[in-house]
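Asker:
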Amino acid sequence: MTYQPPVRDFAFLLRDVLKIERYANLPPFADAQIDTVEQILEEAGRFTAEVLAPLNRVGDQEGCRWNQDFTVTTPAGFKEAYAQFVEAGWPALGADPEFGGQGLPAVVNLSVSEMSSAANMAFAMYPGLTHGAYAAIHNGGSPEQQALYLPKLASGQWSGTMNLTEPHAGTDLGLLRTKAVPQPDGSYKITGQKIFISAGEHDLTENIVHLVLARIEGAPAGTKGISLFIVPKFLPDADGNPGARNAVKCLRLEEKMGIHGNATCVISHEEATGWLVGEENRGLPLMFVMMNEARIGVAVQGLAQAEAAYQEAAAYARERVQGRSLTGPKNPEGAADPIIVHPDVRRMLMEAKAVIEGGRALLLWTALHADLAGGSPDEAVRQKGQDYMALLTPVLKAFLTDRGFLIASDAMQVFGGAGYTEEVAASQYLRDSRIAMIYEGTNGVQALDLVGRKLAANGGRAVMSFFAELDAYAQAHAGDEALAPFIEGLTKAKGELQEATMWLMQNGLANPDNAGAASTDYLHLFALTGLAYAWAQVAEAANARIAAGDTDPYYANKLTTGRYYLARVLPETTSRLAKLKAGSELMMALPAEAF
Ligand SMILES: Cc1cc2nc3c(=O)[nH]c(=O)nc-3n(C[C@H](O)[C@H](O)[C@H](O)COP(=O)(O)OP(=O)(O)OC[C@H]3O[C@@H](n4cnc5c(N)ncnc54)[C@H](O)[C@@H]3O)c2cc1C
Numbered sequence: 008m009t010y011q012p013p014v015r016d017f018a019f020l021l022r023d024v025l026k027i028e029r030y031a032n033l034p035p036f037a038d039a040q041i042d043t044v045e046q047i048l049e050e051a052g053r054f055t056a057e058v059l060a061p062l063n064r065v066g067d068q069e070g071c072r073w074n075q076d077f078t079v080t081t082p083a084g085f086k087e088a089y090a091q092f093v094e095a096g097w098p099a100l101g102a103d104p105e106f107g108g109q110g111l112p113a114v115v116n117l118s119v120s121e122m123s124s125a126a127n128m129a130f131a132m133y134p135g136l137t138h139g140a141y142a143a144i145h146n147g148g149s150p151e152q153q154a155l156y157l158p159k160l161a162s163g164q165w166s167g168t169m170n171l172t173e174p175h176a177g178t179d180l181g182l183l184r185t186k187a188v189p190q191p192d193g194s195y196k197i198t199g200q201k202i203f204i205s206a207g208e209h210d211l212t213e214n215i216v217h218l219v220l221a222r223i224e225g226a227p228a229g230t231k232g233i234s235l236f237i238v239p240k241f242l243p244d245a246d247g248n249p250g251a252r253n254a255v256k257c258l259r260l261e262e263k264m265g266i267h268g269n270a271t272c273v274i275s276h277e278e279a280t281g282w283l284v285g286e287e288n289r290g291l292p293l294m295f296v297m298m299n300e301a302r303i304g305v306a307v308q309g310l311a312q313a314e315a316a317y318q319e320a321a322a323y324a325r326e327r328v329q330g331r332s333l334t335g336p337k338n339p340e341g342a343a344d345p346i347i348v349h350p351d352v353r354r355m356l357m358e359a360k361a362v363i364e365g366g367r368a369l370l371l372w373t374a375l376h377a378d379l380a381g382g383s384p385d386e387a388v389r390q391k392g393q394d395y396m397a398l399l400t401p402v403l404k405a406f407l408t409d410r411g412f413l414i415a416s417d418a419m420q421v422f423g424g425a426g427y428t429e430e431v432a433a434s435q436y437l438r439d440s441r442i443a444m445i446y447e448g449t450n451g452v453q454a455l456d457l458v459g460r461k462l463a464a465n466g467g468r469a470v471m472s473f474f475a476e477l478d479a480y481a482q483a484h485a486g487d488e489a490l491a492p493f494i495e496g497l498t499k500a501k502g503e504l505q506e507a508t509m510w511l512m513q514n515g516l517a518n519p520d521n522a523g524a525a526s527t528d529y530l531h532l533f534a535l536t537g538l539a540y541a542w543a544q545v546a547e548a549a550n551a552r553i554a555a556g557d558t559d560p561y562y563a564n565k566l567t568t569g570r571y572y573l574a575r576v577l578p579e580t581t582s583r584l585a586k587l588k589a590g591s592e593l594m595m596a597l598p599a600e601a602f
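To convert, count from 1 in the sequence shown and add 7; that's our numbering.
1) To which residues of the same chain is Gly-4 closer than 7 Å at the C-beta, ignoring the five residues directly before and after it?
2) Does the beta carbon of Asn-127 fall short of 7 Å from some heavy atom of ligand 1?
3) So, is Pro-174 buried or exposed, given that buried needs 16 or more other C-beta atoms within 10 angstroms?
4) If I measure Cβ to Cβ from Asn-564 and keep anything under 6 Å in the same chain, skipping five residues before and after, which residues do I get?
5) For my contact list, Tyr-274 and Ile-204 are in at a C-beta cut-off of 8 Å; report their separation, rounded to the angstrom.
6) Just curious, the alpha helix (DSSP H) that Phe-406 is in, first and last residue?
7) Which residues in the same chain have their Cβ closer than 6 Å to the Cβ of Arg-583, if we skip the five residues on either side of it in sequence?
8) Using the C-alpha atoms, what's the distance from Asp-38 back to Asp-478?
9) Going straight from the alpha carbon of Met-298 to that of Gln-453, what length do you get?
10) Three or more beta-carbon pairs under 8 Å between the region 319-328 and the region 284-292, yes or no?
11) Could you check where the alpha helix (DSSP H) with Trp-542 kicks off and where it finishes?
12) Report whether the distance from the Cβ of Phe-17 to the nearest heavy atom of ligand 1 is below 7 Å.
13) Since Ala-157 is in the beta strand (DSSP E), which residue starts that stretch and which ends it?
14) Assess contact between the region 374-387 and the region 592-600, defined as three or more Cβ pairs (one per stretch) separated by less than 8 Å. Is contact present?
15) Measure the alpha-carbon distance for Trp-372 versus Glu-340 and round it to whole angstroms.
16) Which same chain residues end up closer than 6 Å to Arg-438 when comparing Cβ atoms and leaving out the 5 residues on each side of it in sequence?
17) Roughly how far, in whole angstroms, is the beta-carbon of Val-284 from the beta-carbon of Ile-237, given that I think they are within contact range, below 8 Å?
18) May I have the straight-line CA-CA distance separating Ala-574 from Ala-549, to the nearest angstrom?
19) Helix, strand or coil for Asn-338, going by three-state DSSP, please let me know.
20) Compute the minimum distance between the beta carbon of Lys-263 and the heavy atoms of ligand 1, and state whether it is under 7 Å.
21) Using only the alpha-carbon positions, how far apart do Arg-325 and Ala-433 sit?
22) When every heavy atom of ligand 1 is checked, does at least one fall within less than 7 Å of the C-beta of Thr-449?
23) Thinking C-alpha only, which one of Pro-350, Gly-426 and Leu-455 is nearest Pro-401?
24) Check Val-238 in the structure and name its three-state DSSP category.
25) Report the rounded CA-to-CA distance for Tyr-561 versus Ala-161, giving the unit in angstroms.
26) Taking the alpha carbon of Val-470 as the point to measure from, which residue in Arg-441, Asp-179 and Glu-506 has its own alpha carbon closest?
27) In the region 459-493, which residue ranges form an unbroken alpha helix (DSSP H) of at least 4 residues, counting only runs that do not cross its ends?
28) Could you check where the alpha helix (DSSP H) with Phe-203 kicks off and where it finishes?
29) Would you say Thr-178 touches ligand 1, meaning its beta carbon is less than 7 Å from a heavy atom?
30) Go ahead and pull the three-state DSSP assignment for Pro-104.
31) On a Cα-Cα basis, can you pick out the residue from Asp-351, Arg-410, Asp-344 and Arg-331 that is closest to Arg-367?
32) Given 7 Å as the limit, tell me if Met-594 has its C-beta closer than that to any heavy atom belonging to ligand 1.
33) Can you name the start and end residues of the alpha helix (DSSP H) that Trp-372 belongs to?
34) Taking 8 Å as the threshold (C-beta atoms), are Leu-260 and Thr-271 in contact?
35) Between Ala-534 and Phe-412, is the Cβ-Cβ spacing less than 8 Å?
36) Using DSSP bridges, identify the partner residues of Leu-260.
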């Protein structure tokens, strides 16, 4: 089956739920009237389904090839597809018009990213990382660096990477050893080995711009001594074209479980020439710009893999015939009924649908706040936008990738034995989606970021504002009969989330292990509540369509899926609350030798 881009869903969310027409006077939306946006999404859907999706299996089966001259060859068809991708202008969608971009809002970019990631995650990572590198230079680079690199990164002519991880320094970047030695001409010589570098070497672009974390000789130990450098594969000549080969090379490719079409490289910097981005020893905050962007990108990957896997499973469930419906044959002419009649198969498909559609709504709602943070003339709106982005980034990253993998696993289950073979795509989705829980900060680290930093930031301003927004929404719709179950579910979940937050404040400070032990359950409780809010808004918009006389079953189906979320997914908030309140005592009690 070919991937069917959910353009209808994006259009409904942007037009009816988020009502982006309201923001037509704000810069990112000026050229993004809803009709134009729908055309862009249609076009992106066509491109991803026709060009990227057919290469997904090829990428998985063939993988990338390392060559003796330290180059890497991407799977058959990737190079041509990338050229088409650049030619059509897709990399430039969200980039700044000053550097050749189209400046479209995040809500549009992320919708397009979901489609490319669903069609071919390994391929989509090449432009995804480029955009992260673009964001770091846009944010912290000098005007000269911006003029040299941004137009080429924005257009996709050059690609980008992020070089953080070293064999002994993963989560704890304070341990990194790659060193930078200042040169008389203002450049640096960078020496060290980086591992697991996505898109670190390939044949898609004429140059690769590595953004590298390294320690300048004599800098303090730990995170306070880390600086960020631009290390291009080919040093730009006087005209800004690729010149001499730099001393940075791919020593080998990692053998890995999935995303075979993306080159995961061991990168060696051997006195490579690099240039400092921003100030000395201030590399981590700059890299965080890139990482935050990338974390939302990874949340999108979780959602996208779930959608693609779910679509395949739903199509199979309509066709595969086995057994009879518990309530009498539904396909009496045939030897058996299609498996979609069985409640247990429905359970898996409905859970996937409810989490995917609610997750997509919450993700785009958050992206809208990123757009408002950048584009609103009102300081309070900008601040709230920034607060919500910071608060929800770890929530979306960890929740959507955890669930994305579980949905891919359920999709395999729907296929039965065929799912475990390579006959169908189910195992690729399961393998590809698994990495999203690990990179860009493991999901455990996202949960710690949420409870340790994001809740407390600015005296708890973001979370208090979020709670106040949920209360105000529930109050404003208290008399809305048609929305009653959604308001009831949201109110209950929000009460539990607030109780969990209080528990954390009281017990996490007294014993930090309590905060660590509670963090993952807290993050999931947060996300489930966020999805309840998103579903309420979706239901409100669907009700409005129905009240206006629209008889398209799409809206009634939305309401049923939302009610399924309330009845069969949201109750998990109660067990999450109970688990986190159990504290850390039993978790920490056994000595290490007992494991
Ligand atoms: C396919 C792939 C692509 C990648 N792409 C890139 C890339 O492009 N650029 C790049 O720089 N890196 C990349 N990475 C590296 C990735 O970001 C790291 O693997 C990840 O951050 C975890 O680091 P680690 O592997 O060293 O695990 P560790 O840091 O050793 O963690 C091991 C376990 O301990 C837990 N843990 C560690 N510290 C803590 C703590 N303080 N509290 C609680 N739990 C903790 C972790 O959650 C994890 O479960 C990639 C990795 C893979 C596999």
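For glycine and all other residues, C-beta sits at the position ideal for the given N, C-alpha and C.
Answerer: Taking the coordinates as given:
1) This structure gives no information on residue 4, because the portion of the chain shown stretches from 8 to 602.
2) Counting from one through the sequence shown, the residue named residue 127 turns up at place 120. With a cut-off of 7 Å, the C-beta of Asn-127 is classified as distant from ligand 1, since no heavy atom of the ligand falls inside that distance.
3) Looking up residue 174 in the sequence shown gives position 167. The residue is exposed, with fewer than 16 neighbouring Cβ atoms inside 10 Å.
4) Taking the sequence shown and counting its residues from 1, the one referred to as residue 564 is at position 557. Excluding sequence neighbours, Asn-564 sits near nothing in its chain.
5) Translated into the one-based positions of the sequence shown, residue 274 becomes position 267. Translated into the one-based positions of the sequence shown, residue 204 becomes position 197. This sequence places Ile at residue 274; Tyr is not what is there. Confirmed, about 5 Å.
6) Position 399 of the sequence shown, counted from the first residue, corresponds to residue 406. 386-421 is the extent of the alpha helix (DSSP H) around Phe-406.
7) Your numbering for residue 583 matches position 576 in the sequence shown. Asp-528, His-531 and Leu-532.
8) Taking the sequence shown and counting its residues from 1, one reaches residue 478 at position 471. Taking the sequence shown and counting its residues from 1, one reaches residue 38 at position 31. So the two alpha carbons sit approximately 34 Å from each other.
9) As a position in the sequence shown, residue 298 is number 291, starting the count at 1. As a position in the sequence shown, residue 453 is number 446, starting the count at 1. Their backbone Cα atoms lie some 12 Å apart in a straight line.
10) Taking a cut-off of 8 Å for Cβ pairs, the region 319-328 and the region 284-292 do not touch, as fewer than three such pairs fall below it.
11) Within the sequence shown, numbered from 1, the residue matching residue 542 stands at position 535. It spans 519-554 - the alpha helix (DSSP H) in which Trp-542 sits, taken as one unbroken run.
12) For the purposes of this step, residue 17 is taken as residue 10 along the sequence shown, with counting starting at 1. For Phe-17, the Cβ stays outside the 7 Å cut-off from all heavy atoms of ligand 1.
13) Translated into positions along the sequence shown, residue 157 becomes position 150. Per the sequence shown, residue 157 should be read as Leu rather than Ala. Counting along the chain, Leu-157 falls outside any beta strand (DSSP E), though it belongs to the alpha helix (DSSP H) covering 150-162.
14) Verdict: no, contact absent.
15) As a first step, residue 372 is located in the sequence shown; it is residue number 365 there, counting from the start. As a first step, residue 340 is located in the sequence shown; it is residue number 333 there, counting from the start. Each residue's alpha carbon lies about 47 Å from the other.
16) One-based indexing of the sequence shown puts residue 438 at position 431. These residues qualify, in order along the chain: Met-264 and Gly-265.
17) Translated into positions along the sequence shown, residue 284 becomes position 277. Translated into positions along the sequence shown, residue 237 becomes position 230. Between Val-284 and Ile-237, the beta carbon gap of about 6 Å places them in contact (Cβ cut-off 8 Å).
18) Looking up residue 574 in the sequence shown gives position 567. Looking up residue 549 in the sequence shown gives position 542. Cα-Cα distance, rounded: 18 Å.
19) Here residue 338 refers to the residue found at position 331 when the sequence shown is read from its first residue. The answer is coil: DSSP assigns Asn-338 none of H, G, I, E or B.
20) Translated into positions along the sequence shown, residue 263 becomes position 256. Yes, the beta carbon of Lys-263 sits closer than 7 Å to at least one heavy atom of ligand 1.
21) The count along the sequence shown starts at 1 and reaches residue 325 at position 318. The count along the sequence shown starts at 1 and reaches residue 433 at position 426. One Cα belongs to Arg-325, the other to Ala-433, and the distance between them is close to 16 Å.
22) One-based indexing of the sequence shown puts residue 449 at position 442. Yes, the Cβ of Thr-449 comes within 7 Å of a heavy atom of ligand 1.
23) On the sequence shown, residue 401 is found 394 positions in, with the first residue counted as 1. Of the candidates Pro-350, Gly-426 and Leu-455, the one whose C-alpha sits nearest the C-alpha of Pro-401 is Leu-455.
24) As a working note, residue 238 is residue 231 in the sequence shown. In the three-state DSSP reduction, Val-238 falls in the strand class (E or B).
25) On the sequence shown, position 554 is the one that residue 561 refers to. On the sequence shown, position 154 is the one that residue 161 refers to. Going by the C-alpha atoms only, they are around 37 Å apart.
26) Along the sequence shown, one-based indexing puts residue 470 at 463. Residue Glu-506 holds the alpha-carbon nearest to the alpha-carbon of Val-470 among Arg-441, Asp-179 and Glu-506.
27) Within the region 459-493, the complete alpha helix (DSSP H) runs of at least 4 residues are 464-483.
28) Counted from its first residue, the sequence shown places residue 203 at position 196. First-last for Phe-203: 195-205, but that is the beta strand (DSSP E), not the alpha helix (DSSP H).
29) Looking up residue 178 in the sequence shown gives position 171. Yes, the beta carbon of Thr-178 sits closer than 7 Å to at least one heavy atom of ligand 1.
30) Reading the sequence shown from its first residue, position 97 is the one you call residue 104. Looking at Pro-104 - three-state DSSP - the assignment turns out to be helix.
31) For this step, residue 367 is matched to residue 360 along the sequence shown. Minimum Cα distance to Arg-367 is reached at Arg-410.
32) As a first step, residue 594 must be located in the sequence shown, where it is residue number 587. No, ligand 1 has no heavy atom inside 7 Å of this Cβ.
33) Mapped onto the sequence shown, residue 372 falls at position 365. If you look at Trp-372, you'll find it in the alpha helix (DSSP H) that goes 350-382.
34) Counted from its first residue, the sequence shown places residue 271 at position 264. Counted from its first residue, the sequence shown places residue 260 at position 253. Cβ atoms of Thr-271 and Leu-260: closer than 8 Å.
35) As a first step, residue 534 is located in the sequence shown; it is residue number 527 there, counting from the start. As a first step, residue 412 is located in the sequence shown; it is residue number 405 there, counting from the start. In this structure, the beta-carbon distance from Ala-534 to Phe-412 does not fall below 8 Å.
36) Within the sequence shown, residue 260 is the residue found at index 253, counting from 1. DSSP lists Cys-272 as the bridge partner or partners of Leu-260.
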